[in-house]
Amino acid sequence: MYGVVLHLDSDAEQKIVKLWKELDGLEISHYAEEIPDRRPHITLADYSELDEKTFTEMFRAFYSSKTKFTLTLGVLGTFLQSGTLFLAPTPTLELIELHADHHDHFKEYTGFSNSLYAPGMWIPHCTIANRLNGQKLAEGLQYCTGKLQVLTAEVVEISIIKLLYKDNQCVSAPAIFSQKLL
Numbered sequence: 001m002y003g004v005v006l007h008l009d010s011d012a013e014q015k016i017v018k019l020w021k022e023l024d025g026l027e028i029s030h031y032a033e034e035i036p037d038r039r040p041h042i043t044l045a046d047y048s049e050l051d052e053k054t055f056t057e058m059f060r061a062f063y064s065s066k067t068k069f070t071l072t073l074g075v076l077g078t079f080l081q082s083g084t085l086f087l088a089p090t091p092t093l094e095l096i097e098l099h100a101d102h103h104d105h106f107k108e109y110t111g112f113s114n115s116l117y118a119p120g121m122w123i124p125h126c127t128i129a130n131r132l133n134g135q136k137l138a139e140g141l142q143y144c145t146g147k148l149q150v151l152t153a154e155v156v157e158i159s160i161i162k163l164l165y166k167d168n169q170c171v172s173a174p175a176i177f178s179q180k181l182l
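The numbering of the sequence shown is the working numbering, which starts it at 1 and goes up by one.
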């Protein structure tokens, strides 16, 4: 499985990683520790299969002239019945157009039919905790509500990640290609 993800500036990344570690220290979520070198991100698309070489070449050409843009992450939310806690950005024209343009340009690549990242389904978000039971979700919401401030971040990079599984559990998600935005 593959993902196309947006990365934030280092200051925003550090703030989110700090929050991940605080939630880990409070025994609320171990999201920070599940996958080595995990970076905060907003997923644009996911794919079950890719021809890595061809997709990477198309990706490089498509994203080589894209520019950085600013997002405001000011919403703390959860997907119903998911046990996931996330920060969501205010949808901007730049973000919505980037998502639509990506899916239009890469339409020959099929994602998952029920993908949360498909056009018409996508809720842009940056996961801060997952696999939470009801009690841990409530604790996470309470902690984050009291702790977080609105976060302004710049989208500075976009990557293709490859999710690697062992016993149906994702154990690694290395970037196979990254493009810095102008």
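Glycine is no exception: its CB is placed at the ideal position from the N, C-alpha and C atoms.
Looking at Y63, D11, T54 and S64, the one whose alpha-carbon comes closest to that of R39 is D11. Note on S64: under 16 other CB atoms within 10 angstroms of its CB, so exposed under the neighbour-count rule. Per the Cβ contact rule, the segment 105 to 119 is not in contact with the segment 65 to 74 (fewer than 3 Cβ pairs under 8 Å). Beta-bridge partners of Q179 (DSSP): I158. In the three-state reduction of the DSSP assignment, F86 falls in the strand class, which pools E and B.
In the structure shown, H125 falls within a coil segment according to DSSP collapsed to helix, strand and coil. DSSP lists E154 as the bridge partner or partners of T70.
Here the alpha carbons of T78 and T127 stand approximately 9 Å from one another. Straight across, the Cα-Cα distance linking Y31 with L19 is about 10 Å.
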